[in-house]
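Report on the structure given below.
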Amino acid sequence: GVVHSLPGVTGRLNVIEKPALRQWYAKMATASFEADLRKLLGNTRKKKVALSIAMIQTMVDNALKAPTGVKDGAAGIGKDAHALFEAWVKGEMPKEIPELLKPAVNRFLNWTAESGLEVVTGETYVASLAHGYGGALDAIAIVDQETPETKHLGIHPGDFVVVDYKTSNGIY
866 GVVHSLPGVT GRLNVIEKPA LRQWYAKMAT ASFEADLRKL LGNTRKKKVA LSIAMIQTMV
926 DNALKAPTGV KDGAAGIGKD AHALFEAWVK GEMPKEIPEL LKPAVNRFLN WTAESGLEVV
986 TGETYVASLA HGYGGALDAI AIVDQETPET KHLGIHPGDF VVVDYKTSNG IY
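Sequential numbering from 866 applies to the sequence shown in the working numbering.
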């Protein structure tokens, strides 16, 4: 009920300016344009290639769509990886992991072994009626043993922590 009717934290955070994201979009668009140009130039041995307005417009259109395609693909992988992590929490990790998800699952399993945390529950819905937002925590864990990271963060054995899985370049 109530949690699902409230705006989520992620939605609220999406309105915050993210300068690094703008740079990433530009990088993805530029890489797409460059790849299309290389394909065009790679098909000819001529020193000069005539480019029509339509050809340039197609490359620009592809470049403008490229960041969204990359982002949506990564979001799909992240969603599928989260589902596998949740299955692991429930003791239901499938024996066959899709090849595309193996790197994320391996990083997750290494993280669970090395983090000093014991996951006590998976996805948990929470809300703040006072602040008017809600959402889902990926997991709640208890610090099982002290590690350099838990020590650095000032959390100790017996402390509970909120877990938010990030599958971009590692598990944090």
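Quick reminder that beta carbons are idealized off the backbone N, C-alpha and C, glycines included.
These numbers were taken from a predicted model, which means no experiment stands behind them.
The three-state reading of DSSP puts Thr977 in helix, counting H, G and I together. Around the C-beta of Val1028, 16 or more other C-beta atoms lie within 10 Å, and the residue is accordingly described as buried. CA-to-CA, the gap between Glu1014 and Lys967 works out to about 25 Å. With fewer than three CB-CB distances shorter than 8 Å, the stretch 958 to 972 does not count as touching the stretch 992 to 999. Note that the C-beta distance between Ala894 and Pro932 is below 8 Å. If you compare the alpha carbons of Arg972, Leu902, Ala919, Leu929 with that of Lys913, the shortest gap goes to Leu902.
Excluding the 5 residues flanking it on each side, Ile921 has no same chain C-beta neighbour closer than 7 Å. By the C-beta density criterion, His1021 is exposed, having fewer than 16 other C-beta atoms within 10 angstroms. Across the structure, His947 and Glu988 are spaced so that their CA atoms are roughly 10 Å apart. Bounds of the alpha helix (DSSP H) holding Val925 are 918 to 954. Judged by beta-carbon spacing, Ile1005 lies beyond the 8 Å limit of Glu983, meaning their Cβ atoms are not closer than that value. Annotated as distal: Gly873 and Tyr1030, with beta-carbon spacing of 8 Å or more. Rounded to the nearest angstrom, the gap between the Cα atoms of Lys892 and Leu886 is 10 Å.
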